[in-house]
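In the numbering used here, the protein residues as written are 548 to 744.
Right, dumping it as structure tokens:
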């Protein structure tokens, strides 16, 4: 799909209407819960100076860091990882190199606060004593949406120049052929299918 878009348009941008239709067909309830978090991401991308290139554009998601079984943050996934088995057969893994001004990076765990409309504690809260964490959550559980929006911007979005050693995801609007550094099978043998670098 992406290579066909490269050939026809010179880049690939996902369609919001297509994403909605597919998601609703697969699980309408899930999409109804998740769509507001997608809207938040799109709003924050605009706030960061990355305006939506087209009214129908949807964000594309990528991993910047993922954490392996030994709790090490990695920039390249281990395709032998058991979680990949039988989930990504026949798919390709793209290794992108994209200017940081084109991506919005978010902490994967903190983004779940956005999805669930929970309060979002600071990133270092995982080092707080449990009682302090509980107290913070109790104090902020009923915060109004505008206060939670401030928490999300402050605590879920991460600076690409100072990425914590955590699961970090990135959203961008468009992928160009120049962004694609490497293409490999998502699972299986480690042979390279294509390489621009």
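Ideal Cβ placement from N, Cα and C applies to all residues, glycine included.
If you ignore the 5 residues before and after residue 621, its C-beta comes within less than 8 Å of the C-beta of 612, 613, 614 and 615, all in its own chain and listed in chain order. Inter-residue distance for residue 669 and residue 554 is about 44 Å (C-alpha atoms, whole angstroms).
Residue 573 and residue 561 have their C-alpha atoms spaced approximately 18 Å apart. Residue state for residue 605 is assigned as strand, using DSSP reduced to three classes. Following the DSSP letters along the chain, one finds residue 667 in no beta strand (DSSP E), marked with neither H nor E. Within the segment 633-706, the runs of alpha helix (DSSP H) at least 4 residues long that lie entirely inside it are, in chain order, 655-663, 677-687 and 692-702. Less than 8 Å divides the Cβ of residue 705 from the Cβ of residue 652. The residue among 685, 678, 675 and 649 with its C-alpha nearest the C-alpha of residue 665 is 685.
As DSSP reads the structure, residue 559 sits in a beta bridge with 722. Taken through DSSP and simplified to helix, strand or coil, residue 613 comes out as strand. A Cβ-Cβ separation of about 14 Å leaves residue 710 out of contact with residue 645 under the 8 Å criterion. Within 10 angstroms of the beta-carbon of residue 606 lie 16 or more other beta-carbons, which makes it buried. Proximity to residue 716 across 697, 723, 655 and 550 peaks at 655, based on C-alpha coordinates.
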